[in-house]
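Presented below is the structure to which this report refers.
Residue numbers (our numbering): 47 to 799.
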């Protein structure tokens, strides 16, 4: 047999020195067998992956492609010529003007396929070679159009993979003929100038090496080159398998977004090094399970109507809208009533914390929900200006007349504060409104601000806990003397980003002082990515008008005050009717029974212990929003409040693991955030310029190890020259954003819509 006959029978192609084909002695995904002819005319074969000569000849002989000892080829095993073999698939290649060039033919049962290339010959005939043909990449005309449109182009290893990407995912894709190891410069020229090229290797050594070859070739030619090792692939699996196993376009595009650029200078020709370069980083912390659906219907007609309208028009998450509306209602209701159960009197004030990424439209939701309150704030400020003029005039008249009784200065007009200190709140309560709100749609400014600095934090969180309890405010200062304030109310809503949530929810002082158990916290699923513009005027909605009218009625209603006091509240007490009390007692006892060791709420005992009180407060808020003249809470409102607090219990359980993250993981996130300002890091750089808490050698190496284990840092074998010196220990920084940290920083960024 001739080298050409053997090569074609194995699905081979011409090479510069003869022919190349898949070696029959091992499972050969990339053609590694050279086939030629010696000076004496004998057939020569050599496997470049290391198969022994005898093994190769034995495998060829079994297929009838090598003479037996008698010099004859066994016809029983002789492989049929290509044109007589069953065809599994045909893949057509065209040039850029849509002229048909050649065809790749797939033979086999799908488990051990072989490929041949052919070009048109005489009428109804084929030439089983590419002599005289300049090969091109698969789907070249379509790829050139995608390049012009600056679309991301995916490169797979074979035609079957490409057609799966194009068909199932509707994404531009290509490959080179001949499979792994056969990338040519002409293919690179076809992709020069592409905005982004993403290479999807098969999950084996040959596939990874091929990916490195292609990535190297395209570096500097395409604007962006990335290599993605698809998660969950079995050994020798490919993108076709990944799609068949449920992989989606959205998942692939997310992987592309998270993957760092290919860096040519770090490429090692060995497959092991390539694997290290292209592997995907792992999250530093477990992904949160999804939350339960926020029970919008439990808010009642006015509040649920407002919530649903905002969800539809603003397209923000359910709990974000619901939290904002319920917090606004608490602020409007709190000066008017308390809730009383068996002689125990509690305010209707409530604290809310809502977690959401930047771009979640937190500010838009909060501004709409607080629209009536801001209007009320403006009226207070306008009246205060006139009252100050009147006061100044009265004070002047008093001085002229010698009257010993001085006029009373007007109350300060601040009703909503965004970033107060504890001292500032106390002074406002002393000289200003008896009912206030701490509302911040950029809550990081409060949590990271002056009032929550280390030296002020204890006073602030202790004070907030006392405000929630409705306790009298006592303060003694050398200059100001003693201050005793009764009848003050504060509600709070902080909208914060995930990294700030970690700081706030995981802070041991906040836990120990009980402020977290007084907060109704929610972290809803993001709606980003599916928010198509809606031409809706939110303020024309009947539900919004009804909500605004109800809130203004509550805000404008003069609160009951203690005799002779201008800013000391004396709210009336709502009680529970007998049926509502039965609901409340049943809920109280149910939660209490689950607080023991190993029970349902054993990890959130602080919040769960106050769940019944939260339910009573929420029931009072819902009652007064629906009927300001009510004197009792009915079972319907109590049922609704219990349903809402069950949601908050589930959120407290869900967020427990997030809030109690290993401190080393927090340090790792801090180091990674700093490292993202560098392409490479080395220990001395971390000691000198890294985050303060990681500048000790022992700590730094431990945290670097965590990032290396999670593949956010990739060690450069042998080190490299950096800052004018050879550094033995060097890591490349993977510039993808880690989950739970990418969306947010220490302070909230502008949440502009």
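Built from N, CA and C at the ideal position, the CB exists for glycine as well.
Leaving out five residues before and five after residue i in sequence, what residues of the same chain have Cβ atoms less than 7 angstroms from its Cβ?
i: residue 671; result: 346, 348, 349, 375, 379, 596
i: residue 214; result: 289
i: residue 658; result: 630, 633, 634, 637
i: residue 776; result: 726, 728, 762, 765, 766, 768
Taking the CB atoms as reference points, tell me whether residue i and residue j lie closer together than 8 angstroms.
i: residue 183; j: residue 145; result: no
i: residue 736; j: residue 385; result: no
i: residue 160; j: residue 149; result: no
i: residue 352; j: residue 589; result: yes
i: residue 465; j: residue 486; result: yes
i: residue 240; j: residue 269; result: yes
i: residue 304; j: residue 403; result: no
i: residue 328; j: residue 756; result: yes
i: residue 779; j: residue 728; result: no
i: residue 260; j: residue 302; result: no
i: residue 695; j: residue 647; result: yes
i: residue 480; j: residue 393; result: no
i: residue 613; j: residue 478; result: yes
Using only alpha-carbon positions, find the residue among the options that is nearest to residue i.
i: residue 153; options: 635, 133, 741, 518; result: 133
i: residue 407; options: 572, 635, 747; result: 572
i: residue 533; options: 634, 616, 687, 276; result: 616
i: residue 608; options: 636, 618, 566; result: 618
i: residue 237; options: 415, 216, 271, 675; result: 271
i: residue 273; options: 690, 503, 611, 202; result: 202
i: residue 103; options: 94, 659, 209, 70; result: 70
i: residue 281; options: 297, 292, 252; result: 252
i: residue 291; options: 276, 477, 752; result: 276
i: residue 344; options: 668, 278, 584, 233; result: 668
i: residue 110; options: 651, 55, 436, 613; result: 55
i: residue 484; options: 471, 229, 477, 478; result: 471
i: residue 577; options: 436, 359, 679, 688; result: 359
i: residue 714; options: 692, 730, 738; result: 738
i: residue 455; options: 430, 462, 300, 516; result: 430
Is residue i buried or exposed, if buried means 16 or more other CB atoms sit within 10 Å of its CB?
i: residue 586; result: exposed
i: residue 143; result: exposed
i: residue 559; result: buried
i: residue 205; result: buried
i: residue 250; result: buried
i: residue 563; result: buried
i: residue 255; result: buried
i: residue 860; result: Past the edges of the chain, shown from 47 to 799, lies residue 860, and the structure says nothing about it.
i: residue 105; result: buried
i: residue 412; result: buried
i: residue 535; result: buried
i: residue 761; result: exposed
i: residue 195; result: exposed
i: residue 582; result: exposed
i: residue 398; result: buried
i: residue 65; result: buried
i: residue 52; result: buried
i: residue 488; result: buried
i: residue 702; result: exposed
i: residue 428; result: exposed
i: residue 504; result: exposed
i: residue 490; result: buried
In its own chain, which residues sit with a C-beta less than 6 angstroms from the C-beta of residue i, not counting the 5 before and 5 after it?
i: residue 774; result: 765
i: residue 211; result: 200, 217, 219
i: residue 510; result: 561
i: residue 396; result: 376, 537, 663
i: residue 786; result: For residue 786, the pLDDT reaches just 41, beneath the cut-off of 50, and the residue's location in the model is therefore unreliable, although a value from the coordinates is still provided. Cβ within range, chain order: 331, 544.
i: residue 101; result: 71
i: residue 743; result: none
i: residue 322; result: With a pLDDT of only 38 at residue 322, under the threshold of 50, the placement of this residue in the model should not be trusted; the figure read from the coordinates follows. So the list reads 760, once near-sequence residues are dropped.
i: residue 314; result: Low local confidence applies: a pLDDT of 42 at residue 314 is under 50, so the model's placement there is unreliable, with the coordinate-based value given in what follows. Contacts found: none.
Does the beta-carbon of residue i, which I'm using as the reference point, lie nearer than 7 angstroms to any heavy atom of the ligand ATP?
i: residue 716; result: The ligand ATP is not among the ligands present in this structure, which contains no ligands whatsoever.
Go through its chain and collect everything with a Cβ distance to residue i's Cβ below 8 angstroms, but skip five positions before and after it.
i: residue 602; result: 422
i: residue 598; result: 418, 421, 422
query: Quick one: any contact between the region 712-723 and the region 677-694, if contact means 3 or more CB pairs under 8 angstroms?
result: As far as the Cβ criterion goes, the region 712-723 does not touch the region 677-694, which means the pair count is below three.
Any 3 or more C-beta pairs closer than 8 angstroms across the region 331-343 and the region 360-371: Yes, the region 331-343 is in contact with the region 360-371.
query: Any contact of the region 740-750 with the region 764-772, i.e. 3+ C-beta pairs under 8 angstroms?
result: The region 740-750 is not in contact with the region 764-772.
message: Whether or not the region 441-459 and the region 492-502 are in contact is what I'm after, with contact meaning three or more pairs of Cβ atoms, one per stretch, closer than 8 angstroms; do they touch?
response: Contact fails: fewer than three Cβ-Cβ distances are below 8 angstroms.
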